[in-house]
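113 is the number of the first residue of the sequence shown in the working numbering; add one for each residue after it. Presented below is the structure to which this report refers.
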Amino acid sequence: MPPAAHAIRLQTDDVQRRLTTRSLGRSLHLFDEIASTNDAALTLASVKAADGTAVLAERQTAGKGRLGRRWDSPPHLNIYCSVILNTFQFSRNPSWMPLVTGLALSEAIQESCAVRLALKWPNDLLCRGKKIGGVLCESSSQGHENLTCVVGFGINVNGRGKDFPDELRSIATSLHQETQKFFDRNILVADVFNRLENWYDAVESGQFERIRKSYTEACATLGRDVQVSCMDGTTIQGTALDVGRDGALLISTERRNRPFATQGRPSIVEIRAADVQHLR
Ligand code: BTN
113 MPPAAHAIRL QTDDVQRRLT TRSLGRSLHL FDEIASTNDA ALTLASVKAA DGTAVLAERQ
173 TAGKGRLGRR WDSPPHLNIY CSVILNTFQF SRNPSWMPLV TGLALSEAIQ ESCAVRLALK
233 WPNDLLCRGK KIGGVLCESS SQGHENLTCV VGFGINVNGR GKDFPDELRS IATSLHQETQ
293 KFFDRNILVA DVFNRLENWY DAVESGQFER IRKSYTEACA TLGRDVQVSC MDGTTIQGTA
353 LDVGRDGALL ISTERRNRPF ATQGRPSIVE IRAADVQHLR
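As structure tokens, then:
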């Protein structure tokens with residue numbers, strides 16, 4: 113009898129035999145335990161690892177979330193992965209990186225696991241309002257004009273409620289919790305890589321209208337009232353209207369009957385890096 117899906121360990125050959133990619137995941141480093149796959153990928157990038165090189169781990173001891181947060185990374189349950197991109201377009205269009213990655217993740221998960229997901233701009237994957245995955249992009253300049261980007265993503269796959277720390281239990285979920293099924297992570301990782309490369313190619317070839325259309329269709333932030341915590345410590349409230357051609361979130365700070373406090377800002381604000389909360 114084959115092992116149950118949750119007992120199957122990550123294996124490089126099991127991922128790679130399912131790949132249809134040109135470069136993504138063709139060089140794949142798998143660790144049983146590592147501080148952070150993003151840090152490992154940045155180190156590999158610094159010694160000129162090939163475009164598409166990927167790092168996977170069964171467990172992270174210092175998994176990083178956005179805005180200096182910690183990413184809970186217990187062993188053998190989830191996907192912790194980072195990929196190296198040495199591309200020209202991404203260095204010109206950094207705002208698209210988390211967005212197209214989120215799109216690829218949500219397509220792969222929805223199709224392979226039959227779970228309905230929503231994307232919260234810029235980097236959150238939500239299921240019934242709870243976080244099921246996230247994306248962390250980091251970059252390092254190699255002293256030449258192409259910037260090396262590392263795109264890291266985490267997906268909560270086979271964890272039960274008890275596998276989450278107390279403080280996350282009410283705000284995070286996993287594919288298992290949503291479906292009562294367990295999933296083979298090798299299949300999901302390969303599916304994500306195959307879709308990621310297609311979306312990265314779309315960015316590389318400048319297909320921004322196509323990307324924007326797909327992203328706006330999948331993005332649950334649009335049309336909602338939001339509170340945006342900006343990098344300078346200020347907050348803005350408004351209605352999320354659209355995503356611009358460069359991936360920025362466009363917020364209207366005016367509402368017909370109940371104007372939001374605009375703090376002297378123009379009524380349409382473009383947000384490029386921030387934490388967004390859905391208000392309703
Ligand atoms: C977030 O939503 O805050 C982003 C979470 C990103 C987590 C992933 S897990 C793999 C990769 N390595 C890290 O240290 N972080 C990212």
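Quick reminder that beta carbons are idealized off the backbone N, C-alpha and C, glycines included. Predicted model only: the values in this text are computed from it and were never measured.
Check, Outcome
"DSSP-derived helix/strand/coil call for Q339", "strand"
"Residue span of the beta strand (DSSP E) that contains I348, given as start and end", "T347 to V355"
"As assigned by DSSP and simplified to three states, the class of S218", "helix"
"Beta-carbon proximity check, V262 vs N190, cutoff 8 Å", "no"
"6 Å Cβ shell around L238 - same chain, five flanking residues per side excluded", "A230 and K232"
"beta-carbon L122 near the ligand ZN non-hydrogen atom, thresh 7 Å", "Of the ligands this structure carries, namely the ligand BTN, none is the ligand ZN."
"Residue environment, S218, which counts as buried when at least 16 other CB atoms sit within 10 Å", "buried"
"Alpha-carbon to alpha-carbon, D151 and S158", "11 Å"
"R129 burial status per 10 Å Cβ neighbour count (16 or more: buried)", "exposed"
"G345 beta carbon near the ligand BTN (any heavy atom closer than 7 Å)", "no"
"Span separating the alpha-carbon of D344 from that of A385", "10 Å"
"Proximity test, L248 beta-carbon vs the ligand BTN heavy atom, cut-off 7 Å", "yes"
"Cβ pair count under 8 Å reaching 3, the stretch 204 to 220 against the stretch 296 to 314", "yes"
"Segments of 3+ residues assigned as beta strand (DSSP E) that fall wholly inside the stretch 121 to 155", "140 to 143"
"Entirely enclosed beta strand (DSSP E) segments - the stretch 163 to 242, minimum 3 residues", "166 to 169, 191 to 197, 230 to 232 and 236 to 239"
"Straight-line Cα distance separating R297 from V127", "9 Å"
"Local conformation of E250 per DSSP, three classes", "strand"
"Alpha-carbon spacing of L361 relative to V247, whole angstroms", "17 Å"
"One or two residues paired with D387 in a DSSP bridge", "S341"
"Distance between S252 and E393 (C-alpha atoms, nearest Å)", "Past the edges of the chain, shown from 113 to 392, lies residue 393, and the structure says nothing about it."
"N-terminal and C-terminal residue of the alpha helix (DSSP H) that L287 is part of", "L287 to T291"
"Other residues of its chain near D358: CB distance less than 7 Å, five sequence neighbours each side excluded", "N205 and S207"
"For G335, the nearest candidate out of K160, A119 and Q389 (CA to CA)", "Q389"
"Close Cβ partners of N369 (< 6 Å) along its chain, the five nearest in sequence each way excluded", "Any reading at N369 must be qualified, since the residue scores a pLDDT of 41, below 50, and its modelled position is unreliable; the value itself is stated next. So the list is empty, once near-sequence residues are dropped."
"Backbone CA spacing between R181 and T124 [nearest angstrom]", "29 Å"
"Reference C193; option with closest CA among I380, G164 and K325", "G164"
"Span of the beta strand (DSSP E), counted from its first residue to its last, around L361", "L361 to S364"
"Inter-residue CB distance, D354 and T333 (contact presumed, cutoff 8 Å)", "No, D354 and T333 are not in contact; Cβ-Cβ is about 10 Å, not under 8 Å."
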